[in-house]
Amino acid sequence: MTENDYSPIAALNQYAYCPHRCWRMFCMGGFVDNQYTIEGTSLHDRVHTTGEGQREDTWQVRAVWLKSERYRLIGKSDLIEESDGQWFPVEYKRGHRGEFDNDKLQVCAQALCIEEMTGQSVTLGYIYYAQSHQRQPVEITPELRQQAIATIEAVHHILTTGEMPPAVYSPRCKGCSLYSQCLPKAADKVARYREVD
Ligand code: SF4
């Protein structure tokens, strides 16, 4: 990848979950499925059928490609809605409401792309949780924008340099499909031995 290439929006979510996982997936092509990823892929396969239509006062468009020249970002949205001239990105997730903050970054990155593509500001997006059939509103606040922009820069750095962030064991490792490739506890030990040396 070069400076001029685009980072996938989905990589932001992975980076916020774990920078090392982001590196494994997007620099090494190391993707392994587990129950959670299979459920997530199956959900997105259903959602990523192109189409559009009216639902009450809201215009809905599915599976739209989003792009930002400014932030060098590209990705496919699950659903974009338009109501009263306002645009709202909607990201579908398999888990439960409020489980992970990293999903908000993904919605914010989509909002940044929509703003650049339409010239209109986006102040609100949603995460739709398939298991609970609930929508969580995501306010596109200045703080979330800053967080998203910092994450975009960090992801772009990893993808352009290939530099590997360390594998750091955390509670999230238990649900990570790359656990058996990464072996974070062993990686932690090796890093500590190196520090002692
Ligand atoms: S096992 Fe843990 S450290 Fe390794 S990639 Fe997954 S979340 Fe990151």
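In the working numbering, the protein residues as written are 23 to 219.
Glycine included, each C-beta is placed from N, C-alpha and C at the ideal position.
Asked: Helix, strand or coil at P187 [DSSP, three-state]; Found: coil
Asked: Paired residues, beta bridge with E113 - DSSP; Found: I149
Asked: The segment 124 to 133 contacting the segment 161 to 170, beta-carbon criterion three pairs below 8 Å; Found: yes
Asked: M186 burial status per 10 Å Cβ neighbour count (16 or more: buried); Found: exposed
Asked: heavy atom of the ligand SF4 below 6 Å from P206 C-beta; Found: yes
Asked: Buried or exposed by the 16-neighbour rule on C-beta atoms within 10 Å, applied to Q50; Found: Before going further, note that residue 50 is Met rather than Gln in the sequence given. Counting Cβ neighbours within 10 Å, M50 comes out exposed, since fewer than 16 surround it.
Asked: Cβ pair G97, I31 closer than 7 Å; Found: yes
Asked: Inter-residue spacing [alpha-carbon to alpha-carbon] between T140 and A208; Found: 48 Å
Asked: CA-to-CA distance, S90 to V177, given in whole angstroms; Found: 15 Å
Asked: Residue environment, Q108, which counts as buried when at least 16 other CB atoms sit within 10 Å; Found: exposed
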